[in-house]
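Encoded as structure tokens, the structure appears first; notes follow it.
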DNA sequence: TTTATTACTTACTTTTCGTAAGTCAATAGG
DNA sequence: CCTATTGACTTACGAAAAGTAAGTAATAAA
């Protein structure tokens, strides 16, 4: 079953598209920041050292275009921020798995 | 606990490094192919349309350097191929999670 | 009303990627 | 044995993406 295995099947275009999108430079860090409650442009920029305004803007637009984020103000927010859609929230498991791997298998070089 | 949550903590350099490495162009597809039993250079190239020899070589060298792959011949193999290390095998859960997400949330554009 | 901050946009440099051709060793066929 | 083919890279170069810096318009604060 597709949920529990990557099988021994052919090349998966869906998997490839997902890994090219989610794996793009800074994208992981941006989604991670939003998971951690940073919704405004400046808040996200503040927690990701090295990320420029230009690329943050580019990545946010991509993620909105792909239905992972949406720009809106939720209750209590004066100004609109970036929020995860249901599709975006579903990425949580992927990020948790990658985070766990990163912590357990540090860089060796 | 670090295993089950990405928490609401600060920026994680480990997570960032991991997502930049694993998320690099073609890297996901290459590891996926090796999980699916393709160990030789030409076999990997054959199952990933669009991937050139030059980048396959570059990505394989990177993954070996980071301890995710190693180049050796296992029993029964005449010639050496690329095999996942324990660190590389530990990525299985990440790929399964991403694969499941990709299948459940297809591109909308 | 000046100053500061937010959320971008524009311009330009550097790095990475894509495409193609070339190299060198190991079979395979004639 | 000689030539052809395949496998596994390597080199060269133009194109695309990312990095850096500066600029701008719209609030918000002093």
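Residue numbers (this note's numbering), protein chains in the order written: chain A, 1 to 109; chain B, 1001 to 1109.
Glycine included, every Cβ here is placed at the ideal spot set by N, Cα and C.
Buried/exposed call for residue i, threshold 16 Cβ in 10 Å
{"i": "residue 1089(B)", "result": "exposed"}
{"i": "residue 1046(B)", "result": "exposed"}
{"i": "residue 3(A)", "result": "Any reading at residue 3(A) must be qualified, since the residue scores a pLDDT of 48, below 50, and its modelled position is unreliable; no value is offered."}
{"i": "residue 65(A)", "result": "exposed"}
{"i": "residue 74(A)", "result": "exposed"}
{"i": "residue 12(A)", "result": "buried"}
{"i": "residue 61(A)", "result": "exposed"}
{"i": "residue 1018(B)", "result": "buried"}
Straight-line Cα distance separating residue j from residue i
{"i": "residue 42(A)", "j": "residue 54(A)", "result": "12 angstroms"}
{"i": "residue 1096(B)", "j": "residue 40(A)", "result": "31 angstroms"}
{"i": "residue 44(A)", "j": "residue 59(A)", "result": "12 angstroms"}
{"i": "residue 1001(B)", "j": "residue 1078(B)", "result": "Below a pLDDT of 50, predicted positions are generally treated as unreliable, and residue 1001(B), at 46, falls in that range; the measurement from the model is reported next regardless. Those two C-alpha atoms are separated by around 45 angstroms."}
{"i": "residue 49(A)", "j": "residue 1016(B)", "result": "10 angstroms"}
{"i": "residue 36(A)", "j": "residue 92(A)", "result": "11 angstroms"}
{"i": "residue 107(A)", "j": "residue 99(A)", "result": "13 angstroms"}
{"i": "residue 1056(B)", "j": "residue 80(A)", "result": "42 angstroms"}
{"i": "residue 1052(B)", "j": "residue 1105(B)", "result": "28 angstroms"}
{"i": "residue 101(A)", "j": "residue 33(A)", "result": "18 angstroms"}
{"i": "residue 38(A)", "j": "residue 94(A)", "result": "19 angstroms"}
{"i": "residue 1103(B)", "j": "residue 14(A)", "result": "6 angstroms"}
{"i": "residue 1063(B)", "j": "residue 63(A)", "result": "27 angstroms"}
Within chain A, partners of residue i - CB distance below 9 angstroms
{"i": "residue 1024(B)", "result": "23, 25"}
{"i": "residue 1044(B)", "result": "The premise fails here: residue 1044(B) is roughly 10 angstroms from chain A at the closest Cβ pair, so nothing lies under 9 angstroms."}
Heavy atom of the ligand MN within 8 angstroms of residue i beta-carbon
{"i": "residue 73(A)", "result": "The ligand MN is absent from the structure shown, which contains no ligands of any kind."}
Residues bridged to residue i (per DSSP)
{"i": "residue 72(A)", "result": "81(A)"}
Interface residues of chain A facing residue i [CB-CB closer than 8 angstroms]
{"i": "residue 1081(B)", "result": "Here the premise fails: no neighbours, minimum Cβ distance about 16 angstroms."}
{"i": "residue 1094(B)", "result": "94, 97, 98, 101"}
{"i": "residue 1091(B)", "result": "101"}
Under 9 angstroms from the C-beta of residue i: neighbouring residues of chain B
{"i": "residue 20(A)", "result": "1023, 1025, 1026, 1028, 1029"}
{"i": "residue 55(A)", "result": "In chain order: nothing, as chain B lies at least about 13 angstroms away."}
Listed by chain order, chain A residues near residue i by CB distance under 7 angstroms
{"i": "residue 1087(B)", "result": "105"}
Within chain B, the residues that residue i reaches when beta carbons sit closer than 8 angstroms
{"i": "residue 17(A)", "result": "1102, 1107"}
Residue i: contacting residues in chain B (beta-carbon distance under 7 angstroms)
{"i": "residue 78(A)", "result": "Per Cβ cutoff of 7 angstroms: no residues; residue 78(A) is ~22 angstroms from chain B at best."}
{"i": "residue 14(A)", "result": "1102, 1103, 1106"}
Any contact of the stretch 80-88 of chain A with the stretch 65-72 of chain A, i.e. 3+ C-beta pairs under 8 angstroms? yes
Stretch-stretch touch, CB-based, cutoff 8 angstroms, three pairs: the stretch 23-42 of chain A with the stretch 1020-1039 of chain B: yes
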